[in-house]
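Residue numbers (UniProt numbering): 1 to 242. Take a look at the structure set out below.
The structure is reproduced here in structure tokens:
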């Protein structure tokens, strides 16, 4: 694994990331047009102010004040910064040109960024990251696409970007992990309702294997993360000038 500093997709300042070991991906591993995880964001977390100086993780006390949290990162945000600041963003260009090409200066430390070509030469572990950023799966989320034979060319599209960001906010709002972090619990069932009997109904493939009969779960309303909160989470990774 390699730790590397890359420009943060929002402000361009240096941010710490982790490149995982390269794992060969089979075509069947790709589901729902999703990008593979080729990069992790690394953030330092401190205990809440005035509430002790240790962490309690999986029944183990971590004495260090600073805890490093590693989470999968969607490289579409890095591609968005590159595409939105590209010197030729009004033109259809090749995947390599749109990711490796020159960008307009936006401040925030971007002047110190040598570009993805130099960064990949200095850190070969970034190769899967760049390949994913150049993939049709990622670029078609934020760009118009023009096909010439078997080749695709891309141009930044605010409409496509907006659609992708709306879907991203909705996925964040539906995230069980974020609901757990925010301690958002489902509402308690009314106490004056009648009790119903749980029946066994054939459901194939539930809980893995070839389950033939599985009890139907009780219907419980799921409370989503408030949209303003989900929007704020996503906005932390969108180019400031957008």
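Ideal placement from N, C-alpha and C gives every residue a C-beta, glycine not left out.
Item, Value
"Residue 98 to residue 130, Cα distance in whole Å?", "11 Å"
"Cβ of residue 254 within 7 Å of Cβ of residue 141?", "What the structure shows of the chain is the stretch from 1 to 242, and residue 254 is not part of that stretch, so it cannot be assessed."
"In this structure, what does DSSP give as the bridge partners for residue 184?", "In DSSP, residue 184 forms no bridge with anything."
"Quick check: the region 81 to 95 against the region 148 to 156, are there 3 or more CB pairs under 8 Å?", "yes"
"For residue 5 and residue 57, I'd like the C-alpha separation in whole angstroms.", "27 Å"
"For residue 139 and residue 79, what's the separation of their Cα atoms in angstroms?", "7 Å"
"Judging by CA-CA distance, which residue of 66, 88, 224 and 9 is the nearest neighbour of residue 173?", "224"
"First and last residue of the alpha helix (DSSP H) that includes residue 71?", "Careful: residue 71 lies outside any alpha helix (DSSP H), inside the beta strand (DSSP E) at 67 to 72."
"For chain D, find out if any of its Cβ atoms is closer than 7 Å to the Cβ of residue 239; answer yes or no.", "The structure shown contains no chain D, having only a single protein chain."
"Secondary structure at residue 20, three-state DSSP: helix, strand or coil?", "coil"
"Can you name, in chain order, every residue of its own chain whose Cβ lies under 6 Å from the Cβ of residue 81, other than the five neighbours on each side?", "9 and 239"
"Can you tell me which of 20, 14 and 117 puts its alpha carbon nearest to the alpha carbon of residue 267?", "Here the chain covers residues 1 to 242 and nothing more, so residue 267 does not appear."
"Give the secondary structure of residue 240 by DSSP, where H, G and I count as helix, E and B as strand, and everything else as coil.", "coil"
"Using three-state DSSP, classify residue 136 as helix, strand or coil.", "helix"
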